[in-house]
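Student: In this text, residue positions in the sequence shown follow the working numbering: the first is 5, and each later residue adds one.
Let me begin by handing over the structure; questions about it come next.
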Amino acid sequence: MKSRRRRPFLRPRALIAVALVSFIAGTLGLSKDAGFLSRVQSVEAEVVGVESLGSQEGFPLYRATLRFSPTPGETVERAAAETYRPTAVGERLSVGFDPQNIDDVRLMDIRDRWLSPVWMLIFGIVTLGIAVYRWRNPAPDPLDDA
């Protein structure tokens, strides 16, 4: 009786599809942040309030209200983008804002700007490497030993 060869759980084509989706998501995330960083004006700001937004993906999420001077002699308060970084009232931070849209204020913390897109790209590279390895080195047929 001839037994059927067991196929791998994830075939190389499926792994390549997962890697491509990961590459696209990571690239879109990086391009969005790169677009902001190309227009950003950096200033120092004081935290005047902190709102806890619960947790996302098991990590606590915060939104700080910041006081800063976009131009000399002008002081504004704006809520920053959501961040994983906890802040305290009175803390002074480096922030970036879009001069064309002063409501777009973000903490200039590498964890918030680059971490998710970079992890997506790394995941895509590793997944693609596994797919290529499996494609070039298929599992041995157990019937060949008999």
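Each residue gets a CB set at the ideal place from its N, CA and C atoms; glycine is no exception.
Return the CA-CA distance between Leu41 and Gly62, expressed in angstroms with no decimal places.
Tutor: 28 Å
Student: Assign Arg15 to one of two classes, buried (16 or more other C-beta atoms within 10 Å of its C-beta) or exposed (fewer than that).
Tutor: exposed
Student: Flag this pair as touching only if the stretch 100 to 108 and the stretch 130 to 141 have three or more C-beta atom pairs under 8 Å; answer yes or no.
Tutor: no
Student: Let's test the definition: count the other Cβ atoms within 10 Å of the Cβ of Ser46 and tell me whether it reaches 16, buried, or not, exposed.
Tutor: exposed
Student: Take Val99 as the anchor and find which of Asp113, Pro142, Arg89, Arg138 has the nearest alpha-carbon.
Tutor: Asp113
Student: Got a sec? Which residues, its chain only, sit under 6 Å from Glu55 by beta carbon, not counting five neighbours each side?
Tutor: Arg67
Student: If you draw a straight line from the alpha carbon of Ser120 to that of Phe127, how long is it in whole angstroms?
Tutor: 11 Å
Student: Could you tell me the distance, in whole angstroms, from the CA atom of Ala23 to the CA atom of Val122?
Tutor: 13 Å
Student: Using three-state DSSP, classify Ser98 as helix, strand or coil.
Tutor: Ser98 falls in the strand class under three-state DSSP.
Student: Is Ala21 helix, strand or coil by DSSP?
Tutor: helix
Student: Determine the DSSP secondary structure at Ala85, reduced to helix, strand or coil.
Tutor: coil
Student: With DSSP as the reference, label Asp113 as helix, strand or coil.
Tutor: Looking at Asp113 - three-state DSSP - the assignment turns out to be coil, as it is neither helix nor strand.
Student: Within the same chain, show all residues whose beta-carbon is closer than 8 Å to that of Pro74, passing over the 5 residues directly before and after it, in chain order.
Tutor: Gln45, Val47, Val80, Phe101, Pro103, Ile106
Student: So, at 7 Å on beta carbons, what are the nonlocal neighbours of Ser59 in its own chain, with the 5 sequence-adjacent residues on each side left out?
Tutor: Leu65
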